[in-house]
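So the protein lines, in turn, are chains A and B.
Counting from 1 along the first sequence, just add 1278 to a position and that's the residue number in my numbering.
Counting from 1 along the second sequence, just add 1077 to a position and that's the residue number in my numbering.
C-beta: ideal position from N, C-alpha, C; glycine also.
Since we're looking at a predicted model, the values are computed, not measured.
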Amino acid sequence: MEPDKSGLSRSTVGDVDLIQLERSLRQPRVLFSYVMSVLTGAATIAALVPLISVLYMLIVRGCAALGLSTFAQLPPAAMTTGGGFGNAIIGTVVIVVIATVLSVPLGIIAAVYTAEFGPDTQITQMVQFAAKVLTGLPSILAGVFAFAVVVLVTGGFSAPAGGVALALLMLPTVFLTAEDAIKRVPSRMREAAIGMGSTPTQVVLKVLLPTATPGILTGVMLAIARAAGETAPLLFTALFSEFWISRTWPAFLPKTVGDLMKPTPSLAVLIYNFSGSPFENQIQLAWTAALVLVVIVLITNVAGQSLARRYNR
Amino acid sequence: MEVASDISRPPSTVEIVGDRLFRRFSLTVAVFTVLVVVYVVFSIGKVAMPAIHTYGLSFLTGTTWDPNRAKFGALPAIAGTMYSSVLGLIGGTLFGLAIAIFLSERFLSSGLEGLIKSLGLDGSSFWAAVPDWIENFLRTTIELLAAIPSVVFGLWGIFVVIPIIRAPANWLHGHLGWFPLFGTPLSGPGLLPASIVLAIMVLPTISAISRDALVAVPPKIREAAFGMGATQWEAILGVFLPTAATGIVGAIILGFGRALGETMALAMLAGNSNVLSWSLFSPANTLAALLANHFPEAGTAEVGALMYAALVLLGITLIVNVIGTFILQRADAQLKGLR
């Protein structure tokens, strides 16, 4: 045994150099591994900084003007004080409800077909491919589509135009989660129902869908959370409005078709419009609206995910 | 016997007819969803047709966008889309991959377990659960990043990122202005703040899918690497990353697809100006931001041109996403062979 340059004693067993197995920081390869681990940890912590910064700014700047009036009043003019975005909250709810009504039944029934009635047909492959294409569709293109088929046809910006755009974005999420949930129903439940003389339709309506409901609901919640925060598809479909959708109580909800077929405000578009404003009161309101929007989106998202976790157990 | 025959019986005629109708109905709905996707492409293409006839391929190479003179060229927007997406992707991949390795190799748990052991707390079940708990927390937090609406990131970018990077950016321009990347000063919105926010937005996509790919590396390969005396990073760089490479590449390509189509952050931060420049600090434009900024007030001719731009964006993202999905499917098949 003769000492080598690093001062470690050299010993070999057969062809193996035992120093290669020594874990000492004096060895370049061990040092390299250690340094890389530290760098990776640093990068992970660095990636959390933006998230913390976003949440900090939302809470600090958003809470500064949060009050009852933010939910009850209309957006303020420049240079005034007070004001809120009650109309935008209602508008967001109306547009998301329209999108949900359009996309959820479509997604679930298509999933019933692909998961249960024709799992190996070419139609199923086409539907699955279509869903993948829609998953990757840039949200602004959903807006372009709704502009082409609703705004240009009806001749104006409206809540249903925004709803169609958001529905297109919700459809793949609803479909893919529903398909997965239906496929996960144990086949012995399916077989028991068939054995008792159920038609395939009865199997679907009385066994598969009730059992898969939590999974389907998770997908619906995640889709709603995403849709509520989307801005780009609403910019030139629902547009924006400084006024209530309907002036009459209760709840200022739209009462007639005419109420729906006009520009409709939403939280997301309000944030976008006011973020470029030169006036401090409107910028302040943009932050408060962002806080409200993030709270709505995160609550919906977390609720959906906890539902999924309970369901998977 | 009577009870059993009451519950299980052959379906009645009404039920059989209802079953036929419902199955027909569900088939119709399935076909309808496919038609919707076809119709999306068709309807955008139909409105874009006049513009495609008028401007042809010169639309893709023209550099001016002037509705008043009816001159429409999308080259700056196409170049800006690619440039900002690549920059955002580089940042997102660097940090996203680091997070994926950090979580899949359980650096945090092993470090914390060592700490807990050295403090002599490893007997209690409470402290033993802490590392897993923190790791889950970290993963959920990064997933939350994906749930925050892009308009909120845009707002944050305007009031946090731009003020922070303005001074260093202008220092770089002042001292290294001869270098093309630093060729212009940063006056406010620009390519760099947009790319930084874009990187944060694609990061969750890349880290989540890469982590799945790394976790799916079979244990026997993992153990074989350590059994041969590899250090942790020799194993990661020489064995785990190459094994998971297909999945990671798929993750990066899907992240690229997301970056290409991202609208709000770029509409708010890129500066909406049709400039062709290598400079990181120059204002720029992207296809999606062009659509967002010009659509609400566009006249008929401009709507046609914008629809053409939308079609170009659709084509690019479609190709990128199909390649990404295809690669991820291959990754799945490869790992099946290894198991």
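- Measure the C-alpha to C-alpha separation of ALA1301 of chain B and ALA1324 of chain A and round it to an integer number of angstroms. 32 Å
- Quickly, what does DSSP pair TRP1142 of chain B with across the bridge? List them, please. B:PHE1149
- Cβ of PRO1328 of chain A less than 8 Å from any chain B Cβ? yes
- Item | ASP1096 of chain B at chain A interface by Cβ criterion, 8 Å | yes
- Answer yes if the stretch 1415-1432 of chain A comes into contact with the stretch 1136-1150 of chain B, meaning at least three C-beta pairs across the two stretches below 8 Å, and no otherwise. no
- Item | Test: SER1311 of chain A CB closer than 8 Å to a CB of chain B | yes
- Query: Where do the N-terminal and C-terminal ends of the alpha helix (DSSP H) with ILE1472 of chain A fall, by residue?
  - Reply: 1465-1473
- Which residues in chain B sit within 9 Å of ASN1365 of chain A, going by Cβ to Cβ distance? Result: empty, since nearest Cβ-Cβ is about 18 Å, beyond 9 Å.
- Could you give the distance in angstroms between the alpha-carbon of GLY1231 of chain B and the alpha-carbon of MET1341 of chain B? 6 Å
- Task: Assign SER1381 of chain A to buried or exposed, taking buried as 16 or more other Cβ atoms, counted over all protein chains shown, within 10 Å of its Cβ.
- Result: buried
- So, does the CB of ALA1253 of chain A fall closer than 8 Å to a CB anywhere in chain B? Not covered by the structure: residue 1253 of chain A. The range shown for chain A is 1279 to 1591.
- Less than 8 Å separating the beta-carbons of LEU1384 of chain A and LEU1444 of chain A? no
- So is GLU1379 of chain B buried or exposed if we call it buried at 16+ other beta carbons inside 10 Å? buried
- Task: For ARG1335 of chain B, name the three-state secondary structure that DSSP assigns.
- Result: helix
- C-alpha distance - THR1282 of chain B paired with SER1476 of chain A, whole-angstrom precision: 43 Å
- Using a Cβ-Cβ distance under 8 Å, would LEU1134 of chain B count as near chain A? no
- Query: Is ALA1361 of chain B helix, strand or coil when you go by DSSP?
  - Reply: coil
- Task: Keeping to the same chain, check which residues put their C-beta closer than 8 Å to that of PRO1257 of chain B; ignore five residues upstream and five downstream.
- Result: TRP1355, SER1356
- CA-CA distance, LEU1368 of chain B and PHE1333 of chain B? 19 Å
- Item | First and last residue of the uninterrupted alpha helix (DSSP H) at SER1524 of chain A | Neither: SER1524 of chain A is in no alpha helix (DSSP H) and is coded neither H nor E.
- Message: Output needed for ASN1579 of chain A: all residues of its chain with C-beta closer than 8 Å, excluding positions within five of it in sequence on either side, in chain order.
- Response: MET1499, LEU1500, ALA1503
- Query: Is ALA1307 of chain B helix, strand or coil when you go by DSSP?
  - Reply: coil
- Item | Whether THR1363 of chain B touches GLY1157 of chain B by CB criterion (8 Å) | yes
- Query: Grouping DSSP H, G and I as helix and E and B as strand, with all else coil, what is LYS1413 of chain B?
  - Reply: helix
- May I ask which residues mark the beginning and end of the alpha helix (DSSP H) holding ARG1101 of chain B? 1090-1132
- Task: Measure the C-alpha to C-alpha separation of LEU1180 of chain B and ARG1299 of chain B and round it to an integer number of angstroms.
- Result: 15 Å
- Alpha carbon to alpha carbon, how far is GLY1362 of chain A from GLY1480 of chain B? Give it in angstroms, no decimals. As displayed, chain B neither begins before 1078 nor continues past 1416, which places residue 1480 of chain B out of reach and without an answer.
- Task: Give me the Cα-Cα distance between GLN1583 of chain A and THR1496 of chain A, rounded to the nearest whole angstrom.
- Result: 6 Å
- Does the beta carbon of MET1448 of chain A come closer than 8 Å to any beta carbon on chain B? no
- Considering only residues of the stretch 1310-1376 of chain A, which uninterrupted alpha helix (DSSP H) runs meet the minimum length of 4 residues and lie entirely inside it, listed in chain order? 1346-1350
- Message: Please list the terminal residues of the continuous alpha helix (DSSP H) segment that includes ASP1398 of chain A.
- Response: Neither: ASP1398 of chain A is in no alpha helix (DSSP H) and is coded neither H nor E.
- Message: If the criterion is Cβ atoms closer than 8 Å, does the pair VAL1106 of chain B and TYR1391 of chain A meet it?
- Response: yes
- Query: How should ILE1549 of chain A be labelled, buried or exposed, when 16 other C-beta atoms within 10 angstroms of its C-beta is the threshold for buried?
  - Reply: buried
- Item | Interface residues of chain B facing MET1314 of chain A [CB-CB closer than 7 Å] | TRP1310
- Query: Which stretch, first to last residue, makes up the alpha helix (DSSP H) that contains ASN1213 of chain B?
  - Reply: 1202-1224
- Query: Is the CB of ILE1472 of chain A under 8 Å away from at least one CB in chain D?
  - Reply: Chain labels in this structure do not include chain D; the protein chains are A and B.
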